[in-house]
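Going by full-length UniProt numbering, the first sequence opens with residue 1, and the numbers climb by one from there. Quick reminder that beta carbons are idealized off the backbone N, C-alpha and C, glycines included.
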Amino acid sequence: MSGDHSHNNSQIDSGSRHNDSHKHKDKYKDKEHKHKDHKKDKEREKSKYSNSEHRDSSDKKHRDKDKERLKLKDGSSDKQKDKHKEKKKEERSFDGKPKKEKENGFESPFIKSEPENDDFYNSPKHEKSLKRERDDDDDEFKPKKIKTEDDRNEKKVKKRKQGEEDVKPKKKTKDKKGEVATDGKKKAKKEPEEKWKWWEEERHADGVKWKFLEHKGPVFAPPYEPLPSNVKFFYDGKQMKLSSGAEEVATFFAKMLDHEYTTKDIFRKNFFKDWRKEMTSEEKSKITDLNKCNFSEMSEYFKAQSEARKAMTKEDKLKIKEENERILQEYGFCIMDNHKERIANFRIEPPGLFRGRGDHPKMGMLKRRIRPEDIIINCSKDSKHPKPPPGTKWKEVRHDNKVTWLVSWTENIQGSIKYIMLNPSSRIKGEKDWQKYETARRLKKCVERIRAQYREDWKSKEMRIRQRAVALYFIDKLALRAGNEKEEGETADTVGCCSLRVEHLSLHQEMDGQEYVVEFDFLGKDSIRYYNKVPVEKRVFKNLQLFMEDKEPEDDLFDRLNTSILNKHLQELMDGLTAKVFRTYNASITLQQQLNELTNSEDNVPAKILSYNRANRAVAILCNHQRAPPKTFEKSMQNLQTKIDAKKEQLADAKREMKSAKADAKIRRDEKSKKTVETKKKAVQRIEEQLMKLEVQATDREENKQIALGTSKLNYLDPRISVAWCKKFGIPIEKIYNKTQREKFAWAIDMAEKDFEF
DNA sequence: ATTTGTACTTAGTAGAACCGGT
DNA sequence: ACCGGTTCTACTAAGTACAAAT
1 MSGDHSHNNS QIDSGSRHND SHKHKDKYKD KEHKHKDHKK DKEREKSKYS NSEHRDSSDK
61 KHRDKDKERL KLKDGSSDKQ KDKHKEKKKE ERSFDGKPKK EKENGFESPF IKSEPENDDF
121 YNSPKHEKSL KRERDDDDDE FKPKKIKTED DRNEKKVKKR KQGEEDVKPK KKTKDKKGEV
181 ATDGKKKAKK EPEEKWKWWE EERHADGVKW KFLEHKGPVF APPYEPLPSN VKFFYDGKQM
241 KLSSGAEEVA TFFAKMLDHE YTTKDIFRKN FFKDWRKEMT SEEKSKITDL NKCNFSEMSE
301 YFKAQSEARK AMTKEDKLKI KEENERILQE YGFCIMDNHK ERIANFRIEP PGLFRGRGDH
361 PKMGMLKRRI RPEDIIINCS KDSKHPKPPP GTKWKEVRHD NKVTWLVSWT ENIQGSIKYI
421 MLNPSSRIKG EKDWQKYETA RRLKKCVERI RAQYREDWKS KEMRIRQRAV ALYFIDKLAL
481 RAGNEKEEGE TADTVGCCSL RVEHLSLHQE MDGQEYVVEF DFLGKDSIRY YNKVPVEKRV
541 FKNLQLFMED KEPEDDLFDR LNTSILNKHL QELMDGLTAK VFRTYNASIT LQQQLNELTN
601 SEDNVPAKIL SYNRANRAVA ILCNHQRAPP KTFEKSMQNL QTKIDAKKEQ LADAKREMKS
661 AKADAKIRRD EKSKKTVETK KKAVQRIEEQ LMKLEVQATD REENKQIALG TSKLNYLDPR
721 ISVAWCKKFG IPIEKIYNKT QREKFAWAID MAEKDFEF
């Protein structure tokens, strides 16, 4: 399994951001036109290949297939088959019957919540009274009381159901940022203590996301403030006063003047087109060429402004901070089912120029200002509805408890819907996250069967099945994304597994001493380059040759497959299985294995953390989570090296001192000199430790140059693995998770014991 | 069967916040 | 207090998935 995950570091080493790679840009740009007919191509291919499936024997292609099959029919493949049969049997037996392990209720279809709970959730009376004072102190009785997650003084939430080990000594959670808890270990347990443990409660019935929801609506972007009159705009060398509408859009461009975006043709073209729409007819007739526009005064003005902001007095900064805090308190929370929950993004996205990633055809377009009239509010019927700003109206107020969002609007660039939703620490996100990992753990139980199945399918008579099987192999082995098809010309040209094109792979019968190497080179999500050379099974290789036969580079590799076909198939293999579950599963299982492999219980804490980071890194490489090397990377490495050198000096000095102290003690043989020796010894040890720490840090940083650990940590790694590891090796959880992360993973920190296994 | 619409997760980055050293 | 950097957070784009409409 993860033995499969032999990742070539070349994936990272030679991978570069698309943006930086002109070679790439050109390569893909050239395709643009041809690619336009992609849909048609697909049709063509389809008829071509669908026939071939049936006129078996006459088809040359098929003869090859047969040949191949014969060749492969040797002992090993038979064994393979038998093994497969066995597996299948064994799997079926456990698959068919109800799971014994009740995985926190996430096992298969959601289970109904029991009536008692339903009842109280349903009672609007209670909810109505939420806002009013808590006259009852019987908070054992289902809450009228709103549990505020951040209210540390609040009485502890009583458990409703399971888990009786409750009541632990109440301790202030201490999560000041830098805090270096050296004892750690048990901290993990204490942390979420006074907070609501939603994970110990029943979940809502199927599809129902909440019973009560109240919030204050979104915070709108501040209105446009016209430029002071001394900041001028010049067109063709002549000063020109812009109308407020045109000026605002101009400032968006001016603010980005230093960004490379503004040098890109598409960006400029799109911007100019949209800018002109905001101009008065007079302006429109005058301003006809972006190259003749001079925004530099505006640009300077904004730079000065930001300098001024930095230079503000402490008091002023504090004032701003307080104001932000006030807004946060007022708009940053909602009440969902008796609990005050943090909202993730309560501010409406301000207008500006669209910054698409990679070669985005819409970059530079104007993202228009969102007004109350664009906003749909979602809340409980019986809640206090948020009110629109004076003199305005919401587009709609609805009461849909089958969805989790509080506010939505339609964005004008792609016409997609944007949402305001809750923070990852919220129950509604946490439950889903937990469930995601439970699904992945269920996959763990049947992944061998599924693997056997797709390997078998490589031999299928049907092209669509072979394609499906090879695609699934990639998804499993390489943790590729599913690869939904995208609308041509609406987005950057990126692909995932199902949307790979012939041009994205090259096949090497033999390369670097390995057989059957597939070289992948494509742009994935966010136009991050995926580059990898992978030796594959011969059968996969032959299949790929077959899929690529008679196709143009811009044709789909898997012309008989798309994500919905694939997912439909996966659904049949396991309830809840989709392509992305493989990513989650492989990421988490890799972390667990790597931790087992790399952690050395003899090591000190920093060394163990290095091991952890390395395990994390293995996952990040698997998932191709890259980052631009920090601009300051070289320098910071150098600094660190300087520090290390200095520390080495210091160590040498300390050692020398120790020696002389020893010599001294040998002669004098008195208590005092003995003590000195001890002190010096201690000093040496301390310095050695510091040096070690620095060296570990250097290694860690170097290895992390262009790898981003955050994404996998946040989205792919079952937090219980990390929590268990921390508990097992006495590592304080805050060494692994910062405050936000601890909030998001509170459920895992609370429930995972040191023996947790993914 | 395909397309469209919706909801929700996953992603990298810019800039704010913070920190340790001077 | 400031400097030079690192870490954290907010932001929002770009994916996946699935259901409804065509």
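*Residues of its chain near R427, where Cβ-Cβ distance is below 6 Å and the 5 sequence neighbours each way are ignored*: W198
*Hey, how far is the Cα of D700 from the Cα of N613?*
7 Å
*Counting pairs of beta carbons, one from the region 615-635 and one from the region 579-596, are three or more of them closer than 8 Å?*
yes
*How would you label I667, buried or exposed, when you count the other beta carbons within 10 angstroms and need 16 or more for buried?*
exposed
*Give every residue of the same chain whose Cβ lies closer than 6 Å to the Cβ of F234, excluding the five residues on either side of it in the sequence, and list them in chain order.*
N294
_CA-to-CA distance, R369 to I413, given in whole angstroms_ = 12 Å
*Touch check for the region 708-722 and the region 734-743: three-plus C-beta pairs under 8 Å?*
yes
*Which runs of the alpha helix (DSSP H), 4 residues or longer, sit entirely within the region 284-359?*
296-311, 314-331
*According to the Cβ coordinates, are A724 and A752 closer than 8 Å?*
yes
*Go through its chain and collect everything with a Cβ distance to M548's Cβ below 6 Å, but skip five positions before and after it.*
V502
*Tell me whether F758 sits in a helix, a strand or coil according to DSSP, three-state version.*
coil
*With 16 as the cutoff for other CB atoms within 10 Å, does M312 come out buried or exposed?*
exposed
_Coil, strand or helix - E193 by DSSP_ = For E193, the predicted structure reports a pLDDT of 45, less than 50, and the residue's modelled location is therefore unreliable. The matter cannot be settled from this model.
*Would you mind sorting Q239 into buried or exposed? The rule is 16 or more other CB atoms within 10 Å of its CB.*
exposed
*Could you tell me if G207 is buried or exposed, where buried requires 16 or more neighbouring beta carbons within 10 angstroms of its beta carbon?*
exposed
*Beta bridge counterpart(s) of Y473 as assigned by DSSP*: Answer is none; Y473 lacks a bridge partner.
*May I ask which residues mark the beginning and end of the beta strand (DSSP E) holding E510?*
505-511
*asked:* Let me make sure I understand the geometry here. Which of E201, S499, F272, R481 has the alpha-carbon closest to that of E488?
replied: S499
*Can M365 and K264 be called in contact, C-beta distance under 8 Å?*
no
_Limits of the beta strand (DSSP E) - the one that P535 falls within_ = 529-535
*asked:* Whole angstroms are fine: how far does the CA of W394 sit from the CA of A304?
replied: 37 Å
*Start and end of the beta strand (DSSP E) containing Y516?*
514-523
*asked:* Can you look up V723 in the DSSP assignment and give me helix, strand or coil?
replied: helix
*Would you identify the three-state DSSP class for D236, choosing helix, strand or coil?*
coil
_Buried or exposed, going by whether 16 or more other CB atoms sit within 10 Å of the CB of N639?_
exposed
_Helix, strand or coil, according to DSSP, for Q414 in the structure here?_
coil
*asked:* So within the region 368-454, which uninterrupted alpha helix (DSSP H) runs reach at least 4 residues, ignoring any that extend past its ends?
replied: none
*For V403, which residues of its own chain have a beta-carbon under 8 Å away from its beta-carbon, when the five flanking residues on both sides are left out?*
K209, N378
_Can you give me the C-alpha to C-alpha distance between E323 and L472, rounded to a whole angstrom?_
52 Å
*Please name the residue in D521, I417, K533, I528 whose C-alpha comes closest to that of M511.*
K533
*Verify whether the separation of the beta carbon atoms of E688 and L651 is less than 8 Å.*
yes
*Taking the CB atoms as reference points, tell me whether G358 and D526 lie closer together than 8 Å.*
yes
*Candidates H360, E282, M336: which alpha carbon is nearest N270's?*
H360
*In angstroms, rounded to a whole number, what distance separates the CA positions of H5 and K477?*
Its pLDDT being 46, under 50, H5 is placed unreliably in this model, and the coordinates cannot settle the point.
*Exposed or buried, what is H569 when buried is set at 16 or more other beta-carbons lying within 10 Å of its beta-carbon?*
buried
_Along the chain, where does the alpha helix (DSSP H) containing I736 start, and where does it finish?_
Premise fails: I736 is in no alpha helix (DSSP H) and is neither H nor E.
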